[in-house]
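Residue numbers (the working numbering): 318 to 616. Just so it is clear, CB atoms sit at the ideal spot from N, CA and C, and this is done for glycine as well. All values reported here derive from a predicted model rather than from experimental measurement. Note sheet for the following structure.
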Amino acid sequence: MNKIIAYIVVLLVLIGGFYALNNYIYEKKQAVAAPYPRDAEYVIDGKRVKLSDGTFEEEGVVTTYFGNELAEDLNGDGAIDTALLLTQTKEGSPEILFYAVAAIYTERGYVGSDGFLLGDRIAPQTIVVSQNPRHKNVIAVNYAERKPGESFDVRASMGKSAYLKLDPDSMRWAIVEPDFEGEADPSRMTLGMKDWVWMKALYNDGREIAPKVPGKFGISFAKDGRYSLATDCNSMGGSYVAEGRKIAFSQGMSTLMYCEGSQESEFSALIRDVEGYSFTSKGELVLDLKFDSGSVIFR
């Protein structure tokens, strides 16, 4: 008898879960679309709020369009969506809660996401695309908050960034670590985005050259067409010309120290033999050597 009751309970739970899931999917498909983000419907703290000209009020709770819009493809479908901030206040409470939301562009109009709570009475700054080359469809919401223990009478001064990625299926934000080493987007990577550290050189005949002292060798690119090299001995520099995926280096100035056992000459010879470049989904810069003889890899 007890087993039969247990089976019935499990069956009822499964049926309830099935209907709850179908109801969720139905509600998501039927989400209200709007012509503008400031009129879209969002979910804040589990409740749907349908903005009208930027506001929604229910039972003393007021949700307001704050702005700070970023126009960007947030779900990878090629359409331009909008990330923005909403505020929510409650009658009789001094709290001003800030939420990050997304308005996803569809054929029906903009469909709002779940809200991500940033904090109470923060000082919003900007919403930008994450500059981490390993991030794809990730935004950085920048703001200032108060230091632990500070009164709300004190101006928010401690800078903070929330790195968020939208899950298109659940329409909820996922938190992304700033230094997350996931897949990079090569199309967003540029030569001048960072200082590149030499990892190794691979030749097509199987040879491999790597720095004896990791982290000592690197290259950086300036916007004015200049580059600089860091080695285990001297610093070098010169000019470069990049067109398409082709690149050519001209050697210029160098310090003149002598360092026994240095790999400086090997490294500088590699750079002189470079004729092309590309980026990888691992966040790497690959410099291609002449005559398709090999490549030099930087991170």
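Output yes or no for whether 7 Å exceeds the beta carbon distance between residue i and residue j.
i: E592; j: C550; result: no
i: E389; j: V446; result: yes
i: E408; j: G377; result: yes
i: I439; j: A400; result: no
i: D398; j: Y382; result: no
i: G555; j: G535; result: no
i: T406; j: V366; result: no
i: A396; j: P354; result: no
i: F538; j: G509; result: yes
i: K482; j: Y460; result: no
Kindly give me the distance between the Cβ atoms of residue i and residue j, rounded to whole angstroms, as I take these residues to be in contact under 8 Å.
i: L391; j: N449; result: Not a contact, Cβ separation roughly 16 Å.
i: Y480; j: A457; result: 5 Å
i: Y544; j: Y557; result: 5 Å
i: W515; j: P528; result: 6 Å
i: G436; j: F415; result: 6 Å
i: S504; j: M553; result: About 30 Å separates the two Cβ atoms, so there is no contact after all.
Compute the Euclidean distance between the alpha carbons of residue i and residue j, then round it to the nearest angstrom.
i: S617; j: T572; result: Missing from the structure shown is residue 617; the chain here goes from 318 to 616 and no further.
i: S610; j: A357; result: 56 Å
i: T507; j: V349; result: 39 Å
i: V418; j: L402; result: 6 Å
i: V603; j: F596; result: 6 Å
i: G393; j: W490; result: 14 Å
i: S468; j: P485; result: 38 Å
i: G371; j: K517; result: 54 Å
i: N340; j: I361; result: Because the pLDDT at N340 is just 43, under 50, the model does not fix this residue reliably, and the value given afterwards should be weighed accordingly. In a straight line, the C-alpha of N340 is about 19 Å away from that of I361.
i: A565; j: K540; result: 15 Å
i: S598; j: I492; result: 20 Å
i: T548; j: M475; result: 37 Å
i: R463; j: A473; result: 4 Å
i: A559; j: S579; result: 29 Å
i: Y594; j: L387; result: 31 Å
i: R451; j: D502; result: 6 Å
i: T404; j: L434; result: 10 Å
i: Q442; j: V471; result: 17 Å
i: L587; j: E577; result: 19 Å
i: L368; j: I413; result: 17 Å
i: M522; j: K563; result: First, the residue type needs correcting, since residue 522 is Asp and not Met in the sequence shown. Near 23 Å, if we compare the C-alpha coordinates of K563 and D522.
i: E583; j: G542; result: 23 Å
i: F373; j: K364; result: 12 Å
i: K533; j: L546; result: 10 Å
i: D590; j: S567; result: 11 Å
According to the neighbour-count rule (16 or more other Cβ atoms, all chains shown, within 10 Å of its Cβ), is residue i buried or exposed?
i: G600; result: buried
i: F615; result: buried
i: G429; result: buried
i: P411; result: exposed
i: M488; result: buried
i: D605; result: buried
i: F608; result: exposed
i: P352; result: exposed
i: P531; result: exposed
i: Y359; result: buried
i: E525; result: exposed
i: Y520; result: exposed
i: P465; result: exposed
i: R425; result: exposed
Within 7 Å of any Cβ in chain B, is that where the Cβ of residue i sits?
i: V446; result: Among the chains in the structure shown there is no chain B, since it carries only a single protein chain.
Counting only runs that start and end within the stretch 364-411, where is the beta strand (DSSP E) found for 3 or more residues in a row? Here the runs fully enclosed are 364-367, 372-375, 378-389 and 398-407.
Mind listing, in chain order, the continuous beta strand (DSSP E) runs of no fewer than 3 residues lying wholly within the stretch 502-529? 513-520
Taking the runs of the beta strand (DSSP E) that are 3 residues or longer, which of them lie wholly in the stretch 400-478? Counting only unbroken stretches of 3 or more residues, the beta strand (DSSP E) elements lying wholly within the stretch 400-478 are 414-423, 426-429, 433-437, 440-446 and 455-462, in sequence order.
Which ranges does the beta strand (DSSP E) cover as unbroken runs of at least 3 residues, wholly within the stretch 530-580, from first to last along the chain? Those beta strand (DSSP E) runs which fall completely within the stretch 530-580 and span 3+ residues are 535-538, 543-547, 552-560 and 563-571.
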